[in-house]
Amino acid sequence: MEEDSIKKKTDQASREGRKKEEDGLLKKRKPEKSLETVATEAKSNNAPSKKVKENNGKESRVPNRNASEADGEGVALKWWEKEDDENDDVKWNYLEHKGVIFPPFYEYRKFLVKYNGNPIELTADQEEMAYYWGQSVGTDWETKEHYRANFQKEFTKTFDKKLGYTNLESFDFSDIVNYINDQREKKKAKTKEEKAEEKAKKKVKDDYYGFAIVDNDKEKVGGYAIEPPTLFKGRGKHPKAGFMKARILPEDITINIAENAPIPKCDMPGHAWGDIVHNNEVTWLAFYKDDTINTTYKYIFLAASSKFKGLSDRRKYDKARRLKDHIEDIRRDYRKKMNSKDKFEKQLGTATYLIDVLALRVGNEKSEDEADTVGCCSLRKEHVEALADNQISLDFLGKDSMRYFNTVTVDPQVWLNIKSFLEGKEPEQDLFDKINTNDLNSYLKDMMPGLTAKVFRTYNASTTLERELSKKDVSGLEIEDKMAWYNEANRQVAILCNHQKTVSKAFDVSVEKQKAKIEDMRDYLAELKSHLGKVRKGKEGLDEGKAEEAAERKFRQAGYDEKMKPIKRKFPNDVERTQRYIGDVEKKIKSKEKELQERDENKSIALGTSKLNYNDPRITVRWCKQNEVPIEKVFPKTVRSKFPWAMYSDLDWRF
DNA sequence: CTAGGAACTTAGTAGTAGTAAA
DNA sequence: TTTACTACTACTAAGTTCCTAG
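Take the first sequence: its letters are residues 1 to 655, numbered as in the numbering used here.
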């Protein structure tokens with residue numbers, strides 16, 4: 001079941017590819033079922049090996065193969081081994097799945113809730129809301145002003161005005177909060193057996209809901225669970241954070257299946273799907289619209305490992321690669337525009353420059369009901385400053401309200417343009433007042449078919465990764481150093497794209513501990529050296545117990561608890577071994593320091609986003625092959641399962 | 001030509017599972 | 001074996017893009 005080495009896969013793939021060409025078998029081969037396939041299907045009851053009658057009398061189809069398996073077992077023909085005809089208005093000819101699963105209803109427990117110290121009665125709906133508030137107590141959400149205010153508004157308006165229950169602070173939800181905390185404790189205290197049992201239950205659900213049949217393939221479904229109602233937790237200062245997110249019922253759901261596929265069973269008694277459609281020009285399996293928090297569309301799609309996702313992902317990267325052939329032209333062109341007398345052109349050129357050079361997002365308009373975040377086209381004067389020496393400073397909240405804060409030297413013409421665009425404007429006025437995202441994308445389309453602003457992020461990310469990786473020949477290095485180098489290149493991409501994560505609360509504490517431990521190792525090193533001197537002179541060496549006691553005392557004085565133990569002391573009574581120990585400890589200190597430094601550099605940078613969405617995986621695969629780094633060292637399981645199509649790229653592949 | 005509907009990609013966080021260190 | 005920390009995954013929010021209707 002373990003994945004083969006990449007090399008083996010490549011050989012196999014190219015062999016098969018060649019064979020097919022020779023045989024003229026590029027056309028769809030009738031897939032034969034291998035023994036393995038049959039065995040797998042028999043083992044997992046997810047594959048409908050018997051024809052099952054569903055409620056509309058249609059029969060479930062038996063998939064020929066499991067398309068989500070990338071390990072080569074029992075798969076007759078994989079989509080990435082076929083030519084991409086690019087023409088896929090029709091996404092499927094057959095689609096069958098089990099629909100979605102709903103969260104349990106709220107259980108009305110009649111908790112004791114007080115207002116100004118007096119017990120009050122809550123209806124089931126009120127209690128449910130209060131319960132969701134209780135879930136926020138003790139988290140950061142509890143103290144967020146807008147979240148509090150919105151919840152207060154929405155919750156208090158459910159009461160009769162005459163009661164005067166208007167103030168969130170005056171409510172006492174401790175009964176609810178205690179219950180929630182109890183439940184959390186219980187969850188933590190679960191035994192191995194209980195956990196295993198839960199896991200088994202989850203697997204049964206996964207086996208049932210987690211797969212769809214698309215044409216002849218069995219495909220993995222993405223998230224099929226309907227989001228439970230709760231208080232909306234929008235990022236940043238979202239105007240609607242703290243409001244109730246509605247409970248979704250089957251009537252809200254539209255199911256998309258083939259006409260001749262069985263209608264999935266609705267798991268909520270007394271309810272029925274809102275609609276059944278047979279739209280084979282889209283890839284979604286189910287969808288609903290939620291109007292409680294603005295208007296949001298939610299979809300059930302296939303998982304990232306599916307053909308639908310993989311094919312469009314590969315197209316995305318290939319489009320970004322195509323940009324390579326146009327980039328010089330485009331850069332020349334937008335620079336020309338930057339110099340134009342026409343203000344529209346001037347802004348178009350300047351904005352394109354920022355998107356290309358700083359990897360900014362295009363920045364569509366947003367409504368009043370969303371968090372105030374911006375991208376390139378929606379930058380306002382207050383976000384931009386023209387400094388001396390052709391430098392500009394950008395400071396704004398981007399997607400997910402992540403701060404983009406950067407001071408860069410730009411092209412002199414860009415600097416002049418920005419300065420002029422800023423002139424005479426109020427802080428809240430748009431930097432680019434003559435253009436919008438539509439103009440920008442139309443311009444890009446003219447320069448290259450299919451080109452849009454986001455392609456630049458993919459292009460620049462992948463280009464950066466490839467360039468950074470090639471800056472050093474790592475072939476002779478230890479595997480850890482190779483990985484460190486890969487991560488360093490990955491880091492450069494993450495910085496370019498401004499992919500951040502919040503530093504965990506425990507981070508500083510754990511860094512302090514690490515430092516103290518390194519300090520302790522240094523002490524030990526000094527002790528070893530002094531011990532060496534003594535042994536050389538034939539004198540009695542240091543005492544291990546005493547040294548450890550002293551180190552222990554030092555830790556306690558610094559306030560560390562009992563669990564924090566100093567490094568084990570060993571003072572051998574011969575020169576040779578002592579010297580070896582010295583070498584060992586020195587090495588250990590160095591590696592720990594390096595580790596610490598890396599942790600610090602990475603503490604607020606998220607590498608995963610670029611790995612999953614921006615870096616053409618074939619760059620990584622090639623680099624790994626070239627440097628004999630097993631792919632699983634840099635691509636965790638989920639990443640590998642997303643990119644089966646990339647595993648075959650060989651040594652001369654270039655982005 | 002604009003607003004907003006529809007479909008799809010990209011994003012960070014919380015919590016859990018896995019693993020290394022002690 | 002326990003603890004401490006890291007790595008992953010699940011979840012769901014927040015973008016982009018394309019399109020259509022008014």
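Don't be surprised by glycine CBs; every beta carbon is placed ideally from N, CA and C.
The continuous alpha helix (DSSP H) containing L323 extends over residues 307-323. The three-state reading of DSSP puts E96 in strand, counting E and B together. Around the beta-carbon of M521, 16 or more other beta-carbon atoms lie within 10 Å, marking it buried. Just measuring C-alpha positions, the residue of A261, T283, D252, R314 sitting nearest T296 is D252. With a cutoff of 8 angstroms on beta-carbon distance, Y147 and T156 are scored as not near each other.
Between the segment 202-222 and the segment 84-98, the count of Cβ pairs shorter than 8 angstroms is three or higher; the stretches touch.
The C-beta distance from Y614 to S378 rounds to 22 angstroms, too long to fall under 8 angstroms, and the pair is not in contact. Taken in chain order, the complete beta strand (DSSP E) segments of 3 residues or longer contained in the segment 366-390 are 384-386. With respect to V362, T437 sits close: the two C-beta atoms are nearer than 8 angstroms.
Given a length threshold of 4 residues, the segment 227-261 has no whole run of the alpha helix (DSSP H) inside it. Assigned with DSSP and collapsed to three states, T191 falls in coil, not helix or strand. If you draw a straight line from the Cα of K58 to the Cα of P264, it is about 10 angstroms long. In the pairwise beta carbon analysis, the segment 408-416 is classified as not touching the segment 474-486: fewer than three pairs are separated by under 8 angstroms.
In the three-state DSSP reduction, R403 falls in the strand class (E or B). Within the segment 512-574, the runs of alpha helix (DSSP H) that reach at least 4 residues and sit entirely inside it are, in chain order, 544-557. By the CB criterion at 8 angstroms, A453 and L465 fall outside the cutoff. Rounded to whole angstroms, the gap between the alpha carbons of I619 and E628 is 14 angstroms. Only residues of its own chain outside the window of five on either side were considered, and among them T437 have a CB closer than 6 angstroms to the CB of N364, listed in chain order. Within its own chain, the residues whose Cβ lies closer than 6 angstroms to the Cβ of G134, once the five positions on either side in sequence are excluded, are F173, I176, V177, I180, listed in chain order. Separation of N116 and F171 (C-alpha to C-alpha, rounded to the nearest whole angstrom) is 6 angstroms. The bridge partners DSSP lists for N118 are Y115. Short of 6 angstroms from the beta carbon of D356, and not among the five residues preceding or following it, lie these beta carbons of its own chain, in chain order: F456.
Between the segment 343-357 and the segment 324-335, the count of Cβ pairs shorter than 8 angstroms is three or higher; the stretches touch. Taking K642 as reference, the option from V100, A303, L358 with the minimal CA-CA separation is A303.
Approximately 34 angstroms separates the beta-carbon atoms of L358 and V282; this is outside 8 angstroms, ruling out the contact.
DSSP, read as helix, strand or coil, puts K445 in helix. Sequence-distant Cβ neighbours of A258 in its own chain, meaning closer than 8 angstroms and more than five residues away, are W92, N93, Y94, L95, E96, H278, N280. With 16 or more other CB atoms across the displayed protein chains lying within 10 angstroms of its CB, G375 is buried.
Where F421 is concerned, the enclosing alpha helix (DSSP H) starts and stops at 412-422. For E480, the enclosing alpha helix (DSSP H) covers residues 479-497. With the rule of 3 Cβ pairs closer than 8 angstroms, the segment 511-527 does not count as touching the segment 475-495. Residue burial is scored here from C-beta neighbours: V503 has fewer than 16 other C-beta atoms within 10 angstroms and is therefore classed as exposed.
In the pairwise beta carbon analysis, the segment 420-430 is classified as touching the segment 380-399: at least three pairs are separated by under 8 angstroms. Counting every other CB atom within 10 Å of its CB across the protein chains shown gives R654 a total below 16, marking it as exposed. In the DSSP annotation of this structure, the continuous segment of the alpha helix (DSSP H) that includes K153 starts and ends at 145-156.
Shown here, V204 sits in a helix according to DSSP, grouped into three states.
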